[in-house]
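A.B. asks: The structure is given below, and queries will be raised subsequently.
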Amino acid sequence: MEHIVKLLSVTEVTHDVLSFRLSKPAGYEFLPGQATEISINDPEWKDEKRPFTFTGLNEWPWLELTIKIYTDHQGVTQEMARLQQGDELIIRDAWGAIAFNGDGYFIAGGAGITPFIAILRQLHHEKKARQNKLFFFNKTLRDIILKDELTWMLGENVHFMFTREGGSSPSDGRIGHVNEFFLKQEVKDFSKPFYVCGPEKMVNEITSLLAEMGVKAEYLIFEK
Ligand SMILES: Cc1cc2nc3c(=O)[nH]c(=O)nc-3n(C[C@H](O)[C@H](O)[C@H](O)COP(=O)(O)OP(=O)(O)OC[C@H]3O[C@@H](n4cnc5c(N)ncnc54)[C@H](O)[C@@H]3O)c2cc1C
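If you read the sequence shown in this note's numbering, its first letter stands for residue 6, the second for the next number, and so on.
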């Protein structure tokens, strides 16, 4: 089902990520981790649907999206960055495979953090976030989405990792990629759920590796 919603406000999250606050249709619901197909309600753009994840809490009276803007070509995100308060978007029903299925390990790359923002905010709200661990991979320090809030929610259980030199300092994070050595070092219990979201190649590599290391298929949670 389609709903027309209004843009209430836009705030900057990082140099290329914006947070959009949208009006919420009466009775609209999503599970933390779910996304919806979105388009801009304008004759030129309304058929250009793209998936984005709700990052707010269900009980908030508005909807929130956290979106990485690609300025290298004229796509939907570049157009969304131009929207003004009061402009309209079309949202559809919420869907998605990423949902909380017990305490475990979250591994995110870049904008792949968005379903985990929703899940971790909900867990934090229930005072349960710190029973989980987050490994958050970004190119450099300035690319980290909601660094302060994630640190506040997870304390010592958040680990910021950088894939490119030059953006980190020893107190802020480490350079690295996920490989068998990394997982053996960082993971104490492979019988827990693993939540993985990020670029497709990263998700494929990590989920294959975790499966080889004995993680049960039902505990590998990612967008298929
Ligand atoms: C289930 C799901 C949930 C998602 N949730 C979120 C979310 O919450 N937040 C978020 O930021 N993203 C999210 N995404 C990703 C998001 O859908 C894409 O970033 C978005 O569709 C990009 O739309 P676009 O029209 O701007 O770019 P598209 O045209 O769709 O291009 C996407 C990619 O291709 C590259 N590309 C395409 N054409 C060109 C070109 N001509 N020149 C250079 N590069 C090009 C872009 O750099 C980009 O990497 C989600 C994806 C899925 C599947």
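Ideal Cβ placement from N, Cα and C applies to all residues, glycine included. The structure presented is a predicted model; accordingly, all values stated were derived computationally and were not measured.
According to DSSP, is residue 56 part of a helix, a strand, or is it coil?
C.D. replies: strand
A.B. asks: Within the continuous beta strand (DSSP E) that includes residue 183, where are the two ends?
C.D. replies: Note, residue 183: premise wrong, no beta strand (DSSP E); not H, not E.
A.B. asks: Quick check on the burial criterion: 16 or more other C-beta atoms within 10 angstroms. Buried or exposed for residue 66?
C.D. replies: exposed
A.B. asks: What number of angstroms, rounded off, separates the C-alpha of residue 82 from the C-alpha of residue 220?
C.D. replies: 35 Å
A.B. asks: For residue 118, does the three-state DSSP call read helix, strand or coil?
C.D. replies: helix
A.B. asks: When DSSP labels each residue in this structure, what does residue 234 get in the three-state scheme?
C.D. replies: An answer regarding residue 234 cannot be provided, because it is not within the stretch 6 to 229 covered by the chain.
A.B. asks: Scan the stretch 94 to 143 and note each continuous beta strand (DSSP E) run of 3 residues or more that stays entirely inside, going in chain order.
C.D. replies: 110 to 114, 138 to 143
A.B. asks: In or out: residue 44 buried (at least 16 other Cβ within 10 Å) or exposed?
C.D. replies: buried
A.B. asks: Taking the C-alpha atoms as reference points, what is the distance between residue 85 and residue 33?
C.D. replies: Residue 85 and residue 33: Cα-Cα distance of roughly 22 Å.
A.B. asks: Excluding the five sequence neighbours on either side, which residues of its own chain have a C-beta within less than 8 Å of the C-beta of residue 62, listed in chain order?
C.D. replies: So the qualifying residues of the chain are 37, 123, 126, 127, 130.
A.B. asks: Give the straight-line distance between the Cα atoms of residue 201 and residue 214, rounded to the nearest whole angstrom.
C.D. replies: Their Cα atoms are separated by approximately 12 Å.
A.B. asks: Is the stretch 52 to 62 in contact with the stretch 112 to 122, if contact means three or more CB pairs nearer than 8 Å?
C.D. replies: yes
A.B. asks: Could you tell me whether the Cβ atoms of residue 1 and residue 51 are closer together than 7 Å?
C.D. replies: Given a span of 6 to 229 for the chain in the structure shown, any question on residue 1 remains unanswerable.
A.B. asks: Consider the C-beta atom of residue 164 and the heavy atoms of ligand 1; say whether any pair is separated by less than 6 Å.
C.D. replies: no
A.B. asks: Run through DSSP, which three-state label would residue 175 get?
C.D. replies: Any reading at residue 175 is ruled out, since the residue's pLDDT is 46, under 50, leaving its predicted position unreliable.
A.B. asks: Which residue marks the beginning of the alpha helix (DSSP H) containing residue 156, and which one marks its end?
C.D. replies: Taken as a continuous stretch (DSSP letters only), the alpha helix (DSSP H) holding residue 156 covers 152 to 159.
A.B. asks: Between residue 164 and chain C, is there a C-beta pair that is closer than 7 Å?
C.D. replies: You won't find chain C in this structure, because it holds only one protein chain.
A.B. asks: Pick from 203, 137, 135, 107: whose alpha carbon is nearest that of residue 73?
C.D. replies: Residue nearest to residue 73 within the set 203, 137, 135, 107 is 203 (criterion: CA-CA distance).
A.B. asks: Between residue 173 and residue 153, what straight-line distance do the alpha-carbon atoms span, to the nearest angstrom?
C.D. replies: Because residue 173 carries a pLDDT of 49, less than 50, the predicted location of this residue cannot be relied on, and the following value inherits that uncertainty. Each residue's alpha carbon lies about 15 Å from the other.
A.B. asks: Take the Cβ of residue 137 as the centre, count every other Cβ of all protein chains shown within 10 Å, and call the residue buried at 16 or more, exposed below.
C.D. replies: buried
A.B. asks: For residue 22, which residues from the same chain have a beta carbon less than 6 Å from its beta carbon, with the 5 sequence-adjacent residues on both sides left out?
C.D. replies: 73, 150
A.B. asks: Terminal residues of the continuous beta strand (DSSP E) containing residue 9?
C.D. replies: Per DSSP, residue 9 belongs to the beta strand (DSSP E) from 8 to 19.
A.B. asks: Relative to ligand 1, is the shortest distance from any of its heavy atoms to the C-beta of residue 199 smaller than 6 Å?
C.D. replies: no
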